[in-house]
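Reading through the C-alpha cells given below for one structure.
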Amino acid sequence: MTIADQVTGSPIAGTANAKSRTAAPAITLPAIGERELRLDLFRGLALWLIFIDHLPPNLLTWFTIRNYGFSDATEIFIFISGYTAAFVYGRAMLESGFVIATARILRRVWQIYVAHVFLFTIFLAEISYVATSFENPLYTEEMGIMDFLKQPDVTIVQALLLRFRPVNMDVLPLYIVLMLALPVILWSMKWKPDVTLGLSVVLYVVTWEFDLYFSAYPNGFWAFNPLAWQLLFVFGAWCALGGARRMSRILASPVTMWISIAYLAAAFYVTLTWYVPQLSHFMPKRIEQWMYPIDKTDLDVLRFTHFLALAALTVRFLPRDWPGLKSPWLRPLILCGQHSLEIFCLGVFLAFAGHFILAEVSGGPAMHALISLSGILIMWAMAWVISWYKRVADKSGSKTKNAVGNADMAGGG
Amino acid sequence: MKAKVLLSLILLCGGLAAPSARAEDAAPAAPATPPACELPSYLLTTDSQLHKVADTVKDGKPLEILVIGSRSTTIPSSEDSSYPARMQAILKEKLPPSEPVHVSVEIQSKKTAAEAASTFVKLMEEKRPTLVIWQTGTVDAIRSIDPDEFRGAVTEGVAALQNAGADVVLMNLQYSPRTETMISVPPYLDNMRVVAQEHDIPLFDRFAIMRQWNDQGQFDLFSPSRGPELAKQVHDCLGRALAQFVIDAAHLGPAQQQN
C-alpha cells in the first residue's frame, strides 16, 4: 500500500520549506513524498458522519458531532476540500501556469457535476416509486412534495442548472461553485494570501449584511449559500498555502487551547438544552434571543468559530507524525478520505437505499443499526477497490501522471 | 363502524390497564393514557403559560378553542377521529363537568404560513376564541420557503392572534419518515421554536412526539397501509397529548386548581 507516496513532485516555492518539519504542532504543507494523513482521516470521518446524518436518526446518530456542538461534518468537509484542492492545484498553477491549472480544475468540476446528475437520477427513481406506492392517509399533506413530478420538463432542466436540489443533495452544487472559483482564489493567493483571505471575509460579511443568496427552484435559495461557505474553503486554501505554518505560534499557545475548550464546552451545553429542555431554565433568555437561530445556510459565525475551536484542538493534540495514523484501525477512514468524491456519492446513494430498505422491509432499531454499519463497510470496501485499481493502473500506465499530483487526491465532492 | 368498535376497545383496554399500572401514583382521578400514547413528560412540558384559558375556566365561562391547520389536521373522511375532535372529548372529560368546551377547526389547505396569517384578523373577528392552536410549517417546508420569511410570517400571525385577545399555542410539523429524504424539515422546526421562545408561547412539538412514538415502536409510521386505522390511533394520541398540554400550560391540573 503506498498511500504515503501518491503525492510526489517538487514543493511549492516559498511555501513549503524544510523548517516546517520542526516541532510546531500546526498543519504544515506536507513535504515531498509525504501525504498529510490527518486530512484523509478527518475527511473520511466527515464522509461517514454525513452518511449517518443522512439516514433517519438512530443510535449511531448520537455519535455524530452535530449533537455535541454547533458545527457538523459539512464544515470539516469543506475546509479539508479547500485545503487539498489548494494544495494540489496550487502546485499545478506554480508548475504549469494559470491556464493549465484552470483546465484541470474545470475537468474536476465536470466530474463533480456528472456525479451530481447521477445522484439526481437515483433520487427521481426513489421519489417516483414512493409517489405511486405510498398512500397512508396520515400523510396526505406531505405527499404534496410529489407535485413537481407533474412538470418533469421544468424540474429536470432546473436540476441540470443546479437550481432544483432535493434534500441531502446540496453539498455537491456548493462544491461545484467553490471549485469554479478556485482558479481566481489560487491566482489571488499566489499574489497575496492574506489579502485573499481578507477579501473572503469581506464577501462573507457583505453576504450577511445585504442578505445575498443564490436563488433556487421552485422558490427559496440554496441550502448552503456559497457566498458564505466560501469562507471555510478559502480559509482551508490559505492554511494549505502556508497560513497554517504562520499560525503555529497561536495554535500552540495555551491561551488558544483554553479558549477553544471553554467555547466547545459552552456549545456542548447549549446543544444539551435542545435535547434536555429542563436545562434551558439555566439559559438566560437574552443569550437565547441573541444566539438563535444558528444559521446553517449562511454558515453562522457560531458554527464557524466552533469549527475553528475543534480544529485548533485537533491540531494540537493530534500531531502529524502520530503513529496511530498508520494503524490498521484507522485505515478504513483514511482510505475513504482519499477517494472522497466517489465515497461521498456512494454515501448519498447508500442513504437513499437505506431509507428504502427501512421503509419497505422493516424499520426496527436493529435493522437501522445494521444498515448504518453495512453502509460504512460498503464505503470502506469501495474505497479499497478504488485504491487497488489505481495502484494497478498506475503500475501499468505511465508514471508521468504522478509527477503533477493526482487530480483525485484533491477530491472533495 | 368496525374501526370505531376497535378504537373504543383499545381505549377501554387502555383505561383498564393504566390505572392499575400507576396505582402508586397519587392522582387517581386523572383519566388514563392508553399505553400506545405514552410520552416522556419533557415532551409535554412548557414554561409558557396560557393565562386567558386559565381565567376563562376559573370564571366558569365557555372555553372556545380554534384549531387553525392544514390537511394534516384531519383524516380524510373521518373528521370525528381527527386530533381536534379527540382533544375536545378529552378536555371535556378532564375539566369540571360544568365547563363548556367547544373546539372549531379552520383548515387552510395548501397555504403557507404567510398566506394563512393574512386571514387571521377577519377569522378572529368571526370566531373570537379564547385559545388558538396554530398548526403550520408543512406547506412552507414542501415549497422550501425561505426560513427567514417563514419566521417573519409566523411572528406576524402570532401577533395578530394575540392582538385579537387570544392565547396561542404553536404546533409544528408531523414526523413523516417516508418523506424525510424529500422534505427538509429542520429549518422550519427551528424557526417555530424561536418564535415560540420570543413570544413566550407554548410550542406543541408534534414532530418530536410522533418521532418518539415511532422510535419506541408504539406506531409504525413507515406503514404504507391505505386504511385509516393508523391515522385514527395517532390522532387520538395527539388529541390526548394536546389536551394534557393545554391543561398543564394553563395550570388547570387537579393539583394546581386547588391553589
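So the protein lines, in turn, are chains A and B.
Take any residue in the first sequence, note its place counting from 1, add 13, and you have its number in my numbering.
For the second sequence, position 37 matches number 27 in my numbering, and the numbering has no gaps at all.
The beta carbon of each residue, even a glycine, is placed where N, CA and C say it ideally should be.
Mapping the DSSP letters down to three states, classify residue i as helix, strand or coil.
{"i": "MET161(B)", "result": "strand"}
{"i": "ILE58(B)", "result": "strand"}
{"i": "SER273(A)", "result": "helix"}
{"i": "VAL283(A)", "result": "helix"}
{"i": "HIS352(A)", "result": "coil"}
{"i": "PHE136(A)", "result": "helix"}
{"i": "ARG141(B)", "result": "helix"}
{"i": "LEU242(B)", "result": "coil"}
{"i": "PHE234(A)", "result": "strand"}
{"i": "SER340(A)", "result": "coil"}
{"i": "PHE235(B)", "result": "helix"}
{"i": "LEU174(A)", "result": "coil"}
{"i": "SER228(A)", "result": "strand"}
{"i": "LEU40(B)", "result": "coil"}
{"i": "LEU193(B)", "result": "strand"}
{"i": "LEU53(B)", "result": "strand"}
{"i": "ALA13(B)", "result": "With a pLDDT of 38 at ALA13(B), under the threshold of 50, the modelled position of that residue is not reliable, and the figure given next carries that caveat. Note: ALA13(B) maps to coil in three-state DSSP."}
{"i": "LEU359(A)", "result": "helix"}
{"i": "THR310(A)", "result": "coil"}
{"i": "ASN415(A)", "result": "Note that ASN415(A) scores a pLDDT of 47, beneath 50, so its modelled location is shaky and nothing firm can be said."}
{"i": "SER141(A)", "result": "helix"}
{"i": "LYS100(B)", "result": "coil"}
Since residue i and residue j are thought to touch, with beta carbons under 8 Å apart, how far apart are those beta carbons, to the nearest angstrom?
{"i": "ASN238(A)", "j": "TYR230(A)", "result": "Rounded, the Cβ-Cβ distance is 16 Å, inconsistent with contact."}
{"i": "ARG201(B)", "j": "LEU193(B)", "result": "Not a contact, Cβ separation roughly 15 Å."}
{"i": "ILE158(A)", "j": "ILE135(B)", "result": "In fact, because the Cβ distance is near 13 Å, the residues do not count as touching under 8 Å."}
{"i": "ALA105(A)", "j": "ARG121(A)", "result": "That belief does not hold up - the Cβ atoms of ALA105(A) and ARG121(A) are roughly 11 Å apart, past 8 Å."}
{"i": "PHE64(A)", "j": "ILE89(A)", "result": "That pair is no contact at about 13 Å."}
{"i": "GLN152(B)", "j": "ILE58(B)", "result": "Their Cβ separation, rounded to whole angstroms, is 14 Å, which puts GLN152(B) and ILE58(B) out of contact at 8 Å."}
{"i": "VAL361(A)", "j": "LEU62(A)", "result": "No, VAL361(A) and LEU62(A) are not in contact; Cβ-Cβ is about 13 Å, not under 8 Å."}
Indicate whether residue i and residue j have their beta-carbon atoms separated by less than 8 Å.
{"i": "TYR165(B)", "j": "LEU211(B)", "result": "yes"}
{"i": "TRP393(A)", "j": "CYS358(A)", "result": "no"}
{"i": "GLU155(A)", "j": "PHE369(A)", "result": "no"}
{"i": "LEU121(B)", "j": "VAL47(B)", "result": "no"}
{"i": "ALA86(A)", "j": "ILE93(A)", "result": "no"}
{"i": "MET304(A)", "j": "ALA250(A)", "result": "no"}
{"i": "ALA264(A)", "j": "LEU323(A)", "result": "According to the sequence provided, residue 264(A) is Leu. The question's Ala does not apply to it. No; because the gap between Cβ atoms is not below 8 Å, this pair is not in contact."}
{"i": "GLY57(A)", "j": "PHE281(A)", "result": "no"}
{"i": "LEU210(A)", "j": "VAL247(A)", "result": "yes"}
{"i": "LEU174(A)", "j": "TYR102(A)", "result": "no"}
{"i": "PHE209(B)", "j": "ALA26(B)", "result": "yes"}
{"i": "MET4(A)", "j": "ILE347(A)", "result": "Residue 4(A) lies beyond the range of chain A shown here (14 to 426); nothing can be said about it."}
{"i": "ILE97(B)", "j": "PRO150(A)", "result": "no"}
Kindly indicate the opening and closing residues of the alpha helix (DSSP H) around residue i.
{"i": "TRP124(B)", "result": "Here TRP124(B) belongs to no alpha helix (DSSP H); instead the beta strand (DSSP E) covers 121 to 125."}
{"i": "GLU148(A)", "result": "Run containing GLU148(A): none; DSSP gives neither H nor E here."}
{"i": "LEU383(A)", "result": "378 to 409"}
{"i": "GLN202(B)", "result": "196 to 205"}
{"i": "GLU116(B)", "result": "110 to 117"}
{"i": "SER71(B)", "result": "Here SER71(B) belongs to no alpha helix (DSSP H), and DSSP marks it neither H nor E."}
{"i": "MET106(A)", "result": "86 to 109"}
{"i": "ARG183(B)", "result": "176 to 189"}
{"i": "GLY217(B)", "result": "No alpha helix (DSSP H) holds GLY217(B); DSSP gives it neither H nor E."}
{"i": "SER201(A)", "result": "184 to 204"}
{"i": "GLN449(A)", "result": "Since the displayed chain A opens at 14 and closes at 426, residue 449(A) lies outside it and no answer follows."}
{"i": "ILE263(A)", "result": "261 to 265"}
{"i": "GLY57(A)", "result": "50 to 67"}
{"i": "TRP303(A)", "result": "298 to 304"}
{"i": "GLU105(B)", "result": "103 to 107"}
{"i": "ILE132(B)", "result": "128 to 132"}
Grab the span of the beta strand (DSSP E) containing residue i for me, first residue to last.
{"i": "ILE97(B)", "result": "91 to 97"}
According to a CB-to-CB cut-off of less than 7 Å, which residues of the segment 167 to 189 of chain A neighbour chain B?
The segment 167 to 189 of chain A vs chain B, Cβ under 7 Å: PRO179, VAL180 and ASN181.
Name, going along the chain, the residues of the segment 231 to 247 of chain A whose beta-carbon falls closer than 9 Å to a beta-carbon of chain B.
Against chain B - using a Cβ distance shorter than 9 Å - the residues of the segment 231 to 247 of chain A are PRO231, ASN232, GLY233, PHE234 and ALA236.
To be precise: take each residue of the segment 145 to 160 of chain A, compare its Cβ to all Cβ atoms of chain B, and keep it if any distance is under 9 Å. Which residues remain?
Flagged, chain order: SER146, PHE147, GLU148, ASN149, PRO150, LEU151, TYR152, THR153, GLU154, GLU155, MET156, GLY157, ILE158, MET159 and ASP160.
Selection of the segment 176 to 188 of chain B by Cβ proximity to chain C, strictly under 7 Å
The question asks about chain C, but that chain is absent: this structure's protein chains are A and B.
Output needed in chain order: residues of the segment 352 to 372 of chain A with a Cβ under 8 Å from some Cβ in chain B.
Cβ contacts with chain B: ALA364, PHE365, HIS368, LEU371 and ALA372.
Residues of the segment 154 to 176 of chain B with Cβ closer than 8 Å to any Cβ of chain A, in chain order:
Those residues of the segment 154 to 176 of chain B that come within reach of chain A (Cβ to Cβ, closer than 8 Å) are GLN164, SER166, PRO167, ARG168, THR169, GLU170, THR171, MET172, ILE173 and SER174.
Quick one: which residues of the segment 80 to 101 of chain A get their C-beta closer than 7 Å to a C-beta of chain B? List them in chain order.
Under the 7 Å Cβ criterion, the segment 80 to 101 of chain A contributes no residue.
Going along the segment 298 to 320 of chain A in order, which residues come within less than 9 Å of chain B, judged by CB to CB distance?
Contact annotation: in the segment 298 to 320 of chain A, residues whose CB is within less than 9 Å of a CB in chain B are LYS298, GLU301, GLN302, TYR305, PRO306, ILE307, ASP308, LYS309 and THR310.
The segment 199 to 216 of chain B: positions lying closer than 8 Å to chain A by Cβ
Under the 8 Å Cβ criterion, the segment 199 to 216 of chain B contributes ARG201, ASN204, ASP205, GLY207, ASP210, LEU211, PHE212, SER213, PRO214, SER215 and ARG216.
Residues within the segment 64 to 97 of chain B neighbouring chain A, beta-carbon criterion of under 7 Å
Per Cβ criterion, the list reads ILE65 and PRO66.
Near-chain B residues of the segment 55 to 84 of chain A (beta-carbon distance less than 7 Å), N- to C-terminal order:
Listed in sequence order: PRO69.
If contact means a Cβ-Cβ distance below 7 Å, which residues of the segment 220 to 231 of chain B contact chain A?
Going along the segment 220 to 231 of chain B in chain order, one finds LEU220, ALA221 and VAL224 with a Cβ nearer than 7 Å to chain A.
Give the residues from the segment 117 to 134 of chain B that approach chain A closer than 8 Å (Cβ to any Cβ), ordered along the chain.
Hits within the stretch, in order: THR128, VAL129, ILE132, ARG133 and SER134.
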